[in-house]
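Enquirer: Our numbering applies: residue 2 is where the sequence shown begins, and numbers increase by one. For every residue, glycine included, the Cβ atom is placed at its ideal position computed from N, Cα and C.
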Amino acid sequence: MSVTQETLARAPRPGAEVLAEPMRSRWSPAVFATDAPVGDDEIASMLTAAAWAPSTGNTQPWAYIVTRVGTAAYDAVVGTLSNGNSGWVPTAPVLIVAAALTGEWEGRKGMGDYALYDLGQSVAHLTLQAQAIGLHSHQFAGFDHDAAAAALGVPEAYRVMAGIAVGRLGGDEHVARAAEGDVARHTKDRTRLGASEVGYDGAWGTPFTG
Ligand SMILES: Cc1cc2nc3c(=O)[nH]c(=O)nc-3n(C[C@H](O)[C@H](O)[C@H](O)COP(=O)(O)O)c2cc1C
Numbered sequence: 002m003s004v005t006q007e008t009l010a011r012a013p014r015p016g017a018e019v020l021a022e023p024m025r026s027r028w029s030p031a032v033f034a035t036d037a038p039v040g041d042d043e044i045a046s047m048l049t050a051a052a053w054a055p056s057t058g059n060t061q062p063w064a065y066i067v068t069r070v071g072t073a074a075y076d077a078v079v080g081t082l083s084n085g086n087s088g089w090v091p092t093a094p095v096l097i098v099a100a101a102l103t104g105e106w107e108g109r110k111g112m113g114d115y116a117l118y119d120l121g122q123s124v125a126h127l128t129l130q131a132q133a134i135g136l137h138s139h140q141f142a143g144f145d146h147d148a149a150a151a152a153l154g155v156p157e158a159y160r161v162m163a164g165i166a167v168g169r170l171g172g173d174e175h176v177a178r179a180a181e182g183d184v185a186r187h188t189k190d191r192t193r194l195g196a197s198e199v200g201y202d203g204a205w206g207t208p209f210t211g
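1. Should THR103 be labelled buried (16 or more other beta-carbon atoms within 10 Å of its own) or exposed?
2. Name the one or two DSSP bridge partners that LEU102 has.
3. Return helix, strand or coil for LEU170, following the three-state DSSP convention.
4. Using a Cβ-based criterion (distance less than 8 Å to any ligand heavy atom), does MET47 qualify as near ligand 1?
5. Just checking GLN122 against ligand 1 - is the residue's beta carbon closer than 8 Å to any of the ligand's heavy atoms?
6. So ALA51 and SER123 are in contact, right, with Cβ under 8 Å, and what is the actual spacing, rounded?
7. Let me confirm a value: TYR159 is counted as buried when at least 16 other C-beta atoms fall within 10 Å, else exposed. Which label applies?
8. Please state the DSSP three-state secondary structure of ALA109.
9. When you compare the CB of GLN122 with every CB in chain B, is at least one pair closer than 9 Å?
10. When you compare only the Cα positions, how much space is there between THR49 and ALA31?
11. Express the C-alpha separation of ALA100 and ALA166 in angstroms, rounding to a whole number.
Quick look at the structure:
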């Protein structure tokens, strides 16, 4: 079966129809539209969503380094990618590197492990804002974090945790040009544990069935 956007009903998946937008529609494509740019206003809107996430004691222990295709910074991030990510990540016009404040920087500190917790929540806000304004995102951990931190000048007080590929969903023509492995990643079945598998009712081990 050829892979077309019609055959690609990636979201919502069965069980996810009850979600509110933009959670309902969010998914992580592995084929972006290489020729469709992302505007600075859109990037600013994503960063604003990230900045408005709640955090422990309002410490806001996160930082984002935005890189755009065609720049040395973008190429530096691409140069650190794992083999599995080196095909699909560069199809996105914007790569954002997310870092958590695990040390002290300019008088500010995170709250221990909660810096990592807070960064994850902030990234969730960023990715949902991206979805809400018509973009897609796909996070990735498969890159050399230290090399990326050095190339982008990230201070030691910040720990690079993930990259976020952002762009517009690739069309059939982009899918047709993608490598087989990336198309497989793009079209893989999206599954989740159910609410009764991740939720307990009153005590550990009693599935939430409500
Ligand atoms: C912190 C983090 C790291 C990830 N690293 C990778 C990665 O290196 N390569 C990749 O293809 N996807 C990566 N993903 C994407 C997940 O595989 C994806 O979110 C998951 O399969 C669920 O799919 P969905 O986002 O479409 O719901 C990562 C996601 C997160 C949150």
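Expert: So, from the listed chains and residues:
1. Locating residue 103 in the sequence shown gives position 102, counting from the first residue. So THR103 counts as buried.
2. In the sequence shown, residue 102 corresponds to position 101, counting from 1. Answer is TYR159, bridged to LEU102.
3. In the sequence shown, residue 170 corresponds to position 169, counting from 1. In the structure shown, LEU170 sits in a strand (DSSP, three-state: E or B).
4. Residue mapping note: residue 47 aligns to position 46 of the sequence shown, counting from 1. Checking the Cβ of MET47 against ligand 1 gives no.
5. By 1-based counting over the sequence shown, the position of residue 122 is 121. Answer for GLN122: no, Cβ out of range of ligand 1.
6. Against the sequence shown, residue 51 aligns to sequence position 50. Against the sequence shown, residue 123 aligns to sequence position 122. Correct: roughly 5 Å between the Cβ atoms.
7. As a first step, residue 159 must be located in the sequence shown, where it is residue number 158. TYR159 should be labelled buried.
8. For the purposes of this step, residue 109 is identified with residue 108 of the sequence shown, where counting begins at 1. Before going on, a small fix: residue 109 reads as Arg here, not Ala. ARG109: strand per DSSP, three-state reduction.
9. In the structure shown, chain B does not exist; there is a single protein chain.
10. Residue numbering aside, residue 49 sits at position 48 when the sequence shown is read from its first letter. Residue numbering aside, residue 31 sits at position 30 when the sequence shown is read from its first letter. Cα to Cα, the separation comes out at about 25 Å.
11. Here residue 166 refers to the residue found at position 165 of the sequence shown. Here residue 100 refers to the residue found at position 99 of the sequence shown. The straight-line gap from Cα to Cα measures roughly 15 Å.
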